[in-house]
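Convert by adding 10 to the 1-based position in the sequence shown; the result is the number in our numbering.
Since the structure comes first, as C-alpha cells, the remarks are kept for the end.
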Amino acid sequence: MKLFNQLPRYLAVIVFLMLSPAVLAMDNDLRFTVMMSGIEKGSLVVSPLGPHETKTIYKFEDRGRGPDLTTISRFGTNNVLTSLDVTGVSYSKQEVDEHYSRKGGTAAWRSAPGDGQQANTAASAYYLVHQSNAEDYAALARALKSAPNGKLPLLPAGEARVHKLATHTLFYESRETQVSLYQISGIDLQPTSIWLDSSDALFSFGSPWIGVVREGYESALPELQNAEKTALLDAAKEQTNALRHTPYGPVLIRNARVFDPKTRQAQTDISVLIEGDVITAIGPDATVKAPKDAEVIDANGRFLMPGLWDMHVHVLGHEAGILSLFAGITTVRDLGNDPDIIAGFEQYFESGTLAGPRILKAGLLEGRGPYAGPTKLLADSEEEVTAIINNLAQSGYTQVKIYNSFKPELVPFAVKTAHASGLRVSGHIPAGMTMEQAISAGYDEVQHANFWFLNFMPTDIVAKTNTPVRFSAPAERAHALDLSSQEVSEFITLLQQHKTVVDPTLVVFEAMYARQKGVLASWLQPWADRLPASMLRSGLRGGRAKNMEEQETFKASLERMQEMLLKLHKAGIPVVPGTDGSPLQLVRELELYAEAGLSNADILYSATLGAAKVMKMDKQIGSVAIGQQADLILINGDPLTNISDLRQVDLVLKGGALYKGAALARAAGLR
11 MKLFNQLPRY LAVIVFLMLS PAVLAMDNDL RFTVMMSGIE KGSLVVSPLG
61 PHETKTIYKF EDRGRGPDLT TISRFGTNNV LTSLDVTGVS YSKQEVDEHY
111 SRKGGTAAWR SAPGDGQQAN TAASAYYLVH QSNAEDYAAL ARALKSAPNG
161 KLPLLPAGEA RVHKLATHTL FYESRETQVS LYQISGIDLQ PTSIWLDSSD
211 ALFSFGSPWI GVVREGYESA LPELQNAEKT ALLDAAKEQT NALRHTPYGP
261 VLIRNARVFD PKTRQAQTDI SVLIEGDVIT AIGPDATVKA PKDAEVIDAN
311 GRFLMPGLWD MHVHVLGHEA GILSLFAGIT TVRDLGNDPD IIAGFEQYFE
361 SGTLAGPRIL KAGLLEGRGP YAGPTKLLAD SEEEVTAIIN NLAQSGYTQV
411 KIYNSFKPEL VPFAVKTAHA SGLRVSGHIP AGMTMEQAIS AGYDEVQHAN
461 FWFLNFMPTD IVAKTNTPVR FSAPAERAHA LDLSSQEVSE FITLLQQHKT
511 VVDPTLVVFE AMYARQKGVL ASWLQPWADR LPASMLRSGL RGGRAKNMEE
561 QETFKASLER MQEMLLKLHK AGIPVVPGTD GSPLQLVREL ELYAEAGLSN
611 ADILYSATLG AAKVMKMDKQ IGSVAIGQQA DLILINGDPL TNISDLRQVD
661 LVLKGGALYK GAALARAAGL R
C-alpha cells in the first residue's frame, strides 16, 4: 500500500528523466554516414542537448588521416550562433581547440587561423566555424532562411546569402521524403550546396568525392547527387552562354608578342590567324592579311602564348572549368576521379556546353586495405588489373595512376598490361617499394616530390608510405639528404635511362611545410583583395609544423625539394607542372620552379609544349604554329621577364570560342 501511494511520484520521476536533454538526445539523434567515392568511411551524429544547443560528433578515416571532432553549438532565438566549442583532431590529425562566444555586443573567437575579437557586433552576425562539419552549414542555412532578405553578416568578415535551387522527392524503401537543395553564397568562390529535409534538418552535404547523407539513405545518394548535378548544370549552361563568344568568322590577332615554346623565345609585331579552332597563318603583321569577314583583335603588344597545362588535377565541379580558363589553363590531366563524373565534364568542356579546359583522363588504380585511396578501381589480382585496364583503354583514358596501397608484386604486371593497351603509367609509389624499383618496373612518371626523398629512407618508413608517413618523413628528413652523393647521382642516372617524367606539385608541399599560422598562404596572397573573407581566413591556418624548430626544419626540406628539382631539370628529366588543387595555384607552382633556379623560358615550355609532348599531343597542341589547335592566352605582361605575370590573362581562346578574363573572374567568384 505504501508503494502504491508513492507510484505517482515514481511516474513523475520517470517522465522527467524521459524528457531530460540526455535522454532526448538518445531518442532524437540524427545520424549520417560519411561517404568517399561510394565507400562508407565514418559518421556524423547530431544530438540535441536542449532547445537551443546541439552536440555534433564528426569522425571518419581516410588513408590514416581524418577528423575526430566534437562540436557543442548554442543558438539564440533567431537561430544565430551565440557560442561554440570544437575539440578533437583535424583531418591532418592536428589538435583542434576552437571556441567562439558573444557577450553583450562583443564577439570573440579562438581558432587555428588566429584569435580575434570584435566589439559592437550586430546580433545577426554569424560566426563562420573554421573546423566545420555538414551540420554547421545546415545551421547557417537555417539562420539565413529566417533572416531578412535571406542574408547575414559573417564573423570574422563577409556576408552570406541563401536561396533555394531545387526540390526533390525520394521514394526509398516505401518511404517518401522531400528534400530541398539550397545554395549558400559568400563562403567560398562558388556557392556551397546543401540538402535539407522538410523540417530544415540536414539531409545530405558534400561532393561525389566526399560527403555525408542521412543514415539509411546511403544507396539513395547517387540519386541525390544526380538531382544536384542537374540543377547546377542548368545554371552553369546559362553562365557559359553569357561568357562564351563564338566568332562569326576567322579571328585575326594583330600586333602581338608571340612566345614560341620550341625556341623558348618571343617575337614582336606578329599576327596570328585562326579559323575555327585551328591556327592557319602566322607571321609579321605586314605579311598576314585579314580575311574579309575576320574579327580583328589588336593585342597592343601584349604577350600571346599557348594555353597552360595543369598536369595534376581532380575536377570536382563545373566551377573548376571557369576558374581554369580564368587562370589561363586550357588543358588539364585528371589523375583520379569517379569515372561517370569525369566523363560528363570531359564531354561538356569539349563541346563547349560548359566553359572549361580539355581533359585528359587517368584511372586511379588501388589495392584494397585500410589505407586504400578514394577510388572504385580496386585490384588485388592480375585478373582484376586486366579487367580495369581494358575498361580504361576502351573508355578513352590516356593513363593509369597507381596508388599507395597497390600490391608491389602486381606493379610489373600492371605496367605491362597498361603499356600493351597504349596507356601511360604513373603514380605514387606503393608502400613497400622505392621510386627506383617502380621506375625499373616500368613507371613512365612519378607524382609528387616527396617520393624522390622517400626513395632514400629506411625500409621501415618505406613500408608505411600508404599512411601520412609519406608526408611527415620527408618533412623531417629531406633537408638532410646530400644531393651530391653517389646514391643521388645513380638515382638521377636511372631516371635519365628510363626517360622518367616528374610531376613535383611543390605548391602542395609549400602549404604543408612552409606555411606559417597567421600568415596568408603564398598562393593566395596575389588574390587577397579579390577573395571571400572566409576563404582568406582558411589560408591563415598554417602548415604541419607544431613549433618554430619544426617550421625551420620543414622549410629547409622544401628548399631541398627545390634544389633536387633544379638538379633533375639540369639532367634533362622532363618536369610537368601540376597543382593537385585549385587552378589558382598553378602560377605559384611555376614561381616555385623559378625560385629553384629554372629559367622562365624553360618553365613556360614545361607548362605548354613540354606537357603536350609528354602526352604525345605536341603535333596538335602546345605551340603557336600553323595547323595547331588555337588554345591561346593573351597576357597583359611579360612572363619571360616575370613569371608572375601569368596571372594577368586578358583573353582566352579555346575550342573556337573567346572568353574575356574579366568576365571569367566575375563568374569564378573573384571580386
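Where a beta carbon is used, it is the ideal one built from N, C-alpha and C, also for glycine.
Predicted model only: the values in this text are computed from it and were never measured.
Worksheet item: Hey, quick one: how far does the alpha helix (DSSP H) through VAL517 stretch, first residue to last?
Response: Segment 516-523, the alpha helix (DSSP H) holding VAL517.
Item to complete: Round the Cβ separation of PRO418 and MET443 to the nearest angstrom and send it over; I've been treating them as touching at under 8 angstroms.
Response: Right, the Cβ-Cβ distance comes to about 5 angstroms (below 8 angstroms), so this counts as a contact.
Discussion item. Spatial neighbours of GLN506 within its chain, please: C-beta separation below 8 angstroms, excluding the five flanking residues on both sides.
Written reply: Here the set comprises ALA581, GLY582, ILE583.
Worksheet item: Which residue's Cα is closest to the Cα of GLY74: LYS664, GLY383, ALA135, ASP612?
Response: Answer by Cα proximity: GLY383.
Worksheet item: Between HIS255 and ALA611, which are expected to be in contact by the criterion C-beta below 8 angstroms, what is the C-beta distance as a whole number of angstroms?
Response: Not really, about 31 angstroms apart at Cβ, beyond 8 angstroms.
Practice prompt. Quick one: measure Cβ to Cβ for THR618 and PRO271, integer angstroms, because I've assumed they're closer than 8 angstroms.
Written response: Indeed they touch by this definition, with Cβ atoms about 5 angstroms apart.
Item to complete: Within the same chain, show all residues whose beta-carbon is closer than 7 angstroms to that of ILE351, passing over the 5 residues directly before and after it, in chain order.
Response: Closer than 7 angstroms at Cβ, skipping near neighbours: PRO218.
Worksheet item: Ordered along the chain, which non-local residues of its own chain (more than five positions away) have a Cβ less than 8 angstroms from that of GLU169?
Response: Close CB contacts of GLU169 within its chain, under the 8 angstroms cut and outside five residues either way in sequence, are with LYS161, LEU162, PRO163, GLY196 (chain order).
Item to complete: List the endpoints of the continuous beta strand (DSSP E) containing ASN265.
Response: Looking at the DSSP string, the run of the beta strand (DSSP E) that includes ASN265 is 261-270.
Practice prompt. Classify PHE416 as helix, strand or coil using the three-state DSSP reduction.
Written response: It is coil, neither helix nor strand.
Practice prompt. Put GLN630 into one of helix, strand or coil per three-state DSSP.
Written response: For GLN630, the secondary structure class from DSSP, reduced to helix, strand or coil, is coil.
Fill in: Range covered by the beta strand (DSSP E) that runs through THR41
Thr is not the amino acid found at residue 41; the sequence shown has Arg there. Taken as a continuous stretch (DSSP letters only), the beta strand (DSSP E) holding ARG41 covers 40-46.
Worksheet item: Mind checking ASN400: buried by the 16 CB within 10 Å criterion, or exposed?
Response: The residue is exposed, with fewer than 16 neighbouring Cβ atoms inside 10 Å.
Item to complete: Identify which residue in VAL512, MET627, ALA117 has its Cα closest to the Cα of GLN572.
Response: For GLN572, the nearest C-alpha among the options comes from VAL512.
Worksheet item: Sorted by chain position, which residues of the same chain lie with C-beta nearer than 6 angstroms to THR510's C-beta, five sequence neighbours on each side aside?
Response: The beta carbon of THR510 lies closer than 6 angstroms to those of ILE449 in the same chain, with the five residues before and after it left out.
Worksheet entry | Coil, strand or helix - HIS489 by DSSP | Look at HIS489 here: in three-state DSSP terms it is helix.
Worksheet item: By Cβ distance below 6 angstroms, which residues in the same chain neighbour THR290 in space, the five residues on each side in sequence not counted?
Response: Non-local beta-carbon contacts of THR290 in its own chain, meaning distances under 6 angstroms to residues more than five positions away in sequence, involve LEU283 in chain order.
Worksheet item: Do you know whose CA, among VAL597, PRO123, LEU578, lies nearest LEU318's CA?
Response: The option with the nearest alpha carbon to LEU318 is VAL597.
Discussion item. Within the continuous alpha helix (DSSP H) that includes VAL421, where are the two ends?
Written reply: Unbroken alpha helix (DSSP H) run through VAL421: 421-430.
Practice prompt. Give the DSSP-derived three-state secondary structure of TYR147 in the structure shown.
Written response: Here TYR147 sits in helix by DSSP.
Discussion item. What would DSSP say about LEU576, mapped onto helix, strand or coil?
Written reply: Three-state DSSP puts LEU576 in a helix.
Item to complete: Kindly indicate which residue of ALA397, GLY679, MET522 has the alpha-carbon position closest to the one of LYS565.
Response: Of the listed residues, the one whose Cα sits closest to LYS565 is MET522.
Worksheet item: In or out: ALA656 buried (at least 16 other Cβ within 10 Å) or exposed?
Response: The sequence shown places Leu at residue 656, not Ala. With 16 or more other Cβ atoms inside 10 Å of its own Cβ, LEU656 counts as buried.
Worksheet item: Distance, Cα to Cα, ASN38 vs LYS174?
Response: ASN38 and LYS174: Cα-Cα distance of roughly 26 angstroms.
Worksheet item: According to the Cβ coordinates, are TYR136 and LEU199 closer than 9 angstroms?
Response: Between TYR136 and LEU199, the C-beta spacing is not below 9 angstroms.
Worksheet entry | Neighbourhood of GLU497 by C-beta distance below 8 angstroms, restricted to the same chain and skipping five residues each side | So the qualifying residues of the chain are PHE466.
Item to complete: Closer than 8 angstroms by C-beta to HIS324: which residues in its own chain qualify, once you throw out the five before and the five after it? Chain order, please.
Response: Setting aside the 5 residues that flank it on each side, HIS324 is surrounded in the same chain by TRP219, ASP344, LEU345, GLY346, ASN347, ASP590, each with a C-beta closer than 8 angstroms to its C-beta; the list follows chain order.
Worksheet item: Can you check whether the CB of ALA459 is closer than 9 angstroms to the CB of THR503?
Response: Taking a C-beta distance under 9 angstroms as the contact criterion, THR503 and ALA459 do not qualify as a contact pair.
Discussion item. Quick check on the DSSP output: the beta strand (DSSP E) that includes VAL223 runs from which residue to which?
Written reply: Counting along the chain, VAL223 sits inside the beta strand (DSSP E) bounded by residues 220-224.
Practice prompt. Classify ARG312 as buried or exposed, calling it buried when 16 or more other Cβ atoms lie within 10 Å of its own Cβ.
Written response: By the 10 Å Cβ count, ARG312 comes out buried.
Worksheet item: Alpha carbon to alpha carbon, what distance is there between LYS51 and ALA441?
Response: Roughly 21 angstroms separates the two Cα atoms.
Item to complete: Output yes or no for whether 9 angstroms exceeds the beta carbon distance between ILE613 and GLY338.
Response: Not a contact, by the Cβ cut-off of 9 angstroms.
Discussion item. Whether or not the segment 75-88 and the segment 124-141 are in contact is what I'm after, with contact meaning three or more pairs of Cβ atoms, one per stretch, closer than 8 angstroms; do they touch?
Written reply: Contact between the segment 124-141 and the segment 75-88 is present, because at least three Cβ pairs lie under 8 angstroms.
Fill in: For VAL512: DSSP bridge partner residues
Per DSSP, VAL456, VAL585.
Practice prompt. Return the chain-ordered list of same chain residues with a C-beta closer than 7 angstroms to the C-beta of MET36, the five sequence neighbours on each side being excluded.
Written response: Since pLDDT at MET36 reaches only 42, below the 50 mark, its modelled position is unreliable, and the value read off the structure follows with that caveat. Cβ within range, chain order: n/a, list empty.
Practice prompt. Assess, as a yes-or-no matter, whether the segment 631-642 is touched by the segment 600-610 under the definition of 3 or more beta carbon pairs within less than 8 angstroms.
Written response: The segment 600-610, when compared against the segment 631-642, does not touch it at the 8 angstroms Cβ threshold.
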